[in-house]
Structure formats: structure tokens, C-alpha cells
Amino acid sequence: MKLAGFKVPRKILINDLISGLVMAVVSIPGGLANGLLAGINPVYGLYSMMAGTTVAALFTSSVIMNVDSQSATALATLDALSGVPQDQHLAYLVVLGLLVGLFMLILGFLKLGFLVRFISNAVMTGFLSGLGALTILGQVGDLTAYDSQAGNKVAQAADTILHWREIDLVTLAVGLLTIGLILGFNRTRLEKYSFLLAVVLTTALVAVLDPQTVAIVGDTTQVPRSLPSLNLPDLSLIPAMIVPALAIAIIALVTGAGVSSSIPNPDGNYPEPSGDFRGQGAGNVAVGLVGGIPVGGSLSGTFLIRSVGGKSRWANISTGVFTAIAVLLIGPLIEAIPMPTLAGLLIVVGFGMIKAPRIKTVWHIGAAAATIMAITFLATLFAPIQVAVAVGVGLHMLLYVFRSAEAVRLKRIVPQADGTFVEDVVPEDLPSEEIVVLHPLGSLFFAGVAELEERLPEVGQARRTAVIFRFRDRDEVGSTFIRAIERYTRSLHAGGNLLMLAGVNEKVLNQLEKTNMLDLIGEELSLIHI
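For the sequence shown, the numbering used here puts the final residue at 573, and the numbers step up evenly by one.
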């Protein structure tokens, strides 16, 4: 991994240090909230910023990508640690972070960044909308001070509504005030600092009024007055964390790909996704060593750091450094933040993840896309995150295969007296004593082969006819197609007909030779040119 992009003019360096300071102050509440969302000590969310953001900034291909814990990775961490006793959270987080980093590094070094192209917009819209809904529903307890024991987030929210008399109105008021302040400041020139201002104002209000029923961060955890220590992994925990780690790696890489594809580097070139994979992998290895929530490229964080003036890697590096300084110097102030304030903050984040225009676009594209979006959304709500990811990717693959098969076409090419060719309809029944030139279009792999076979002319009573398959611009064909051609060739031969292949390149010819198709067709019939 290359270390590049550090030599910048002094003016930009100073500007980036200031941007990092602002970013750290603005992001600390979000880091604590993500720790809360993950069901762990909120301080672990700050550890992710200290280690993950700083180290990832050294290696990503994008010089400005903000890598941090997010609602998506926090929720996935919550699922991964389900059933784990609180006193063992750190040990599991260490292994989880290291495995996530390892998976990302492997994908990066294998240059598999292109794989993110194969996750459809319908899947991602359903998944992100589901995560947004989970984020909102997950805050109901801290927003109302009602501790529901129902099975999942949806059931807990419903249970809270049914027990509305047990809601603490003061706690609810603090949470709603936080939401109102954020939305209000978002309409002013102070929009960049809306989260920070809402946290400061509600924290000050609770500190002055001192309502006994409003829980604060200090009630659940004590912010350490020291930097996180290094931890060695417990190797016995690896088997339990492999699947969750792979799911989190995929989630983080997909969200990070949004940065790679939409925000260019200062030289105008777009970052290499595989290079960003490696940078995020290095960040997660660092997170694992200190114990924190796995991190990934954040589109909103990247836009935010640019909006406060960041222009180089130093902006994100200094963000992590200033976060560490803040923990050392203002720990008591962090502990004074009300829990409903963090809940209100996360509710705003959750609504921000649900993009109505994006949902509307997918909905109007067609029934297939809308169905996939809806199923992915429901899977995210009711199934573990890793299962939801698998469902979404699986649905996408099925959709891709289905559409590839649908796209298969078969054209008849008819030679003209002047040496040109025209397209014609493929006959349902093969005529006798003619030359029939067929040109297949679309995928010739397994899904499309069945569709192609249905479009081939029935041999029936045809005699002394030559069927020529035109293979121009085909670099390879699948084994399923070869078997289909074998069946059609034998059917043709049974009636005294021939199959010939035109435009066969060396690679396809090699495939035919290794599968013994040349013995059946005849090598001299596979080398004609049309």
C-alpha cells in the first residue's frame, strides 16, 4: 500500500488541521451514538474514530474519504454481539475488527473493487432504508425510558406504544427537543454544526434542571481519561465472528464505494475502489487492535469534512487525533450528554438514510425492482444483518440471471446477391436443402442457454440443410451452451443435416477442442468466415 498525498502546501495543511478539529467536535456525538446503537460502551465508537479514521486516511486511494463507524456497521455489530455478555464485548470486538480488516485487505489486494458494481440500486435502496428504519426503531427505548423486552426492534416499538402510560415524558421531551433543534439549525447558516449545537444545548439544559428521570452517558459508562490500549485477539473467538465479519466488510465496502464513485481526488481523477478497500482494511485492523466498532467509508462524513474545508488526507488524520485529545480533556462533559439526546440524534440520522426520491425511482422502474427492494427492506428489519445482505445479494444475482436470459435473442442472417447481409425472422421449423445462418445475441452462459434452445428451429423433417452459427465477437462460451449445441448437432445429423460454426476465435476453438465438440462437428466446419 502506497503512502501518497501527504505533501501539501502549508496553507492547505493549516486549513486541514482546523477542519479536523471542527470535524472531531461535530462527530464525537455521532461516535458515541454509534456505540450506543451497537449495544456496547459508547466510548468504543470514539475508539473507532481515533484508530480507524486516522489509519485509513493513510492508505485509501481517495485522499479525502472519511472512514468511520456508521449506523450500518453499528447495527451489524449489534447483531454480531447478540447474546455476548457485556464483560466480553471487548474481546469479541477485537476479533471482529481484525477479521473485517483482513477480509477488506484480501479483496483490495486481489483488486476486486469492481464487484460492488454488481449490487443493484434496488437492493441497496431496500437495505439502506431498512437500516434507517432499524436506526429509528432502535432509539425508542432511550427516547421514552421504557425498557421493552419484546423480541426485535419492530416488536419493541409496538410494545412501547401499547405501554404508552409508562413513557417518561421528561425524557421524551429532551429527545424531541434534540430533534427539533437539529432540524431548526439545518435551516440556518449553522447547518454544519446542527448536531453539535443540539447536543450542547440539551446537555446544558439537563445539567441546569437536573431532572432525575433523564439518563446520561455517565449512568451507563465512564469515559476513560486515557487512550485505548492495544489488545491481542482471542483466537478461539474467530469461528463465531467469521460470518458477521464478512457481512460487515461487504456492508462497509458498498457504502464506501459510494465515495469512490462520486467524489474525485484533487487531481480530478476518481479513486480506485480496490485501493479504498485496502485503506478501509488497514483502518479496521487498527480498530480491532484497540477494540471499536468496525469502520467503513462514509459518504455523508466525506461530504461533511469537505464542507468544513478539508482538502487532503491531513483533514481525516487530524480528526482522529483531535478526537483522542477531546477524550483526554473533556471526558466529564461527554459523560454529561443525555441518552435521549443521542437517541434524537440517531433518529435524525435514521430518517436521513431513507431517501424518498430514491425509493420512488425504484418503485416506478418496474415490479421486479420494487419487489426486490421491498423484500430486502423486510429482511433487514426482521433478520440478522448478515442474512439481509445475503438475501439482497442473492436476489440481485437471480435478477441478473433472469434478465440475462431474457436478453437472449436469435437472428437469421440472410446473404444478399451484392455480398451484404440482412436480418430475418428465425423459422419455427428448419427448412430442407437450405443454408440457415443463425446469429445468437446476449449471454450464452447457463441462464440464457435454455432461452436460446427454445428459439432454435425444430429440425423435424428437414433434410440436407446446413445450419451455420455465427460466433463473431465471442471470446468464450459456457459449458451449458456447448452441451446444448451438442444436442442440436446430433439432432441435425440424425436427419442428414450439418452444423457449421463461423467466426470462431482461437479461445472458443480451444474450448470446443477440449470438450470433444470438434470431433462431433468437424474441425473444418468450425473455421468458416461469415
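The beta carbon of each residue, even a glycine, is placed where N, CA and C say it ideally should be.
* Taking the C-alpha atoms as reference points, what is the distance between R530 and L342? -> 52 angstroms
* **the segment 50-64 / the segment 349-365 touching (three or more Cβ pairs under 8 angstroms)** => yes
* At a cut of 8 angstroms, does the segment 207-217 reach the segment 394-414 through at least three beta carbon pairs? -> no
* Does the Cβ-Cβ distance between L219 and F228 come in under 8 angstroms? -> no
* With M578 as the anchor, note down where its alpha helix (DSSP H) starts and where it stops. => Here the chain comprises residues numbered 44 to 573, so residue 578 is not present and cannot be evaluated.
* What's the gap between the Cα of S163 and the Cα of G546? -> 34 angstroms
* Spatially closest choice to G485 from K454, F464, E477, V286, by CA coordinates -> K454
* Going by C-alpha distance, which of N327, A329, A300 is nearest R315? -> Checking the sequence shown, residue 315 turns out to be Glu, not Arg. Checked all of N327, A329, A300; the closest Cα to E315 is A300.
* To do: Quick one: give me the first and last residue of the beta strand (DSSP E) that S534 is part of.
  => Counting along the chain, S534 falls outside any beta strand (DSSP E), though it belongs to the alpha helix (DSSP H) covering 522-537.
* Counted within 10 angstroms of its Cβ, other Cβ atoms place I336 as buried (16 or more) or exposed -> buried
* Pick out whichever of G95, G140, S104 has its Cα sitting closest to the Cα of A288. => G140
* By a C-beta neighbour count over all protein chains shown, 10 Å radius and 16 as the cutoff for buried, is L196 buried or exposed? -> Checking the sequence, you will find Lys at residue 196 rather than Leu. Counting Cβ neighbours within 10 Å, K196 comes out buried, since at least 16 surround it.
* Where Q182 and A527 are concerned, what is the direct C-alpha to C-alpha distance, given to the nearest angstrom? -> 56 angstroms
* To do: Starting from L453, follow the alpha helix (DSSP H) in both directions and report where the run begins and ends.
  => Not the alpha helix (DSSP H): L453 falls in the beta strand (DSSP E), residues 452-458.
* Asked: If T414 and G435 are in contact, beta carbons under 8 angstroms, what's the gap, nearest whole angstrom?
  -> Contact flag wrong, Cβ pair sits at about 12 angstroms.
* Asked: When we look at the beta-carbon of N553 and count the other beta-carbons within 10 Å, is it buried (16 or more) or exposed?
  -> exposed
* Can you name the start and end residues of the beta strand (DSSP E) that N109 belongs to? -> 109-111
* Alpha-carbon to alpha-carbon, K550 and E501 -> 29 angstroms
* Terminal residues of the beta strand (DSSP E) in which D319 lies -> Counting along the chain, D319 falls outside any beta strand (DSSP E), though it belongs to the alpha helix (DSSP H) covering 316-333.
* Asked: Excluding the five sequence neighbours on either side, which residues of its own chain have a C-beta within less than 7 angstroms of the C-beta of L244, listed in chain order?
  -> L224
* Asked: What is the residue span of the beta strand (DSSP E) that F512 lies within?
  -> 509-513
* Proximity of S114 and G363 at Cβ, strictly below 8 angstroms -> no
* Thinking C-alpha only, which one of V106, T168, L542, D111 is nearest P400? -> T168
* Buried or exposed for R321, please, with buried defined as at least 16 other CB atoms from any protein chain shown within 10 angstroms of its CB. => buried
* Taking C-alpha atoms, which residue in V68, A67, Y90 lies nearest to G78? -> Y90
* **Own chain, CB closer than 7 angstroms to N327, minus 5 neighbours either side, in chain order** => G95, G140, V143, G144, M147, P337, V338
* To do: Using the Cα positions of G184 and A100, report the straight-line distance between them to the nearest angstrom.
  => 35 angstroms
* Can you tell me whether DSSP reads G435 as helix, strand or coil? -> helix
* Asked: Out of E477, T263, T532, which has the shortest C-alpha to C-alpha gap to L75?
  -> T263
* Asked: So what's E519 in DSSP terms, helix, strand or just coil?
  -> coil
* To do: Would you mind working out which of V249, I294, S172, A216 sits nearest Y188, comparing C-alpha positions?
  => For the record, residue 188 in the displayed sequence is Ala; it is not Tyr. Checked all of V249, I294, S172, A216; the closest Cα to A188 is A216.
* To do: If I'm right that P427 touches V260 with Cβ under 8 angstroms, what's the distance once you round it to whole angstroms?
  => 27 angstroms between Cβ atoms; not a contact.
* To do: Could you spell out the range, first to last residue, of the beta strand (DSSP E) harbouring A545?
  => 541-545
* Strand pairing of H482, partner residues [DSSP] -> K454
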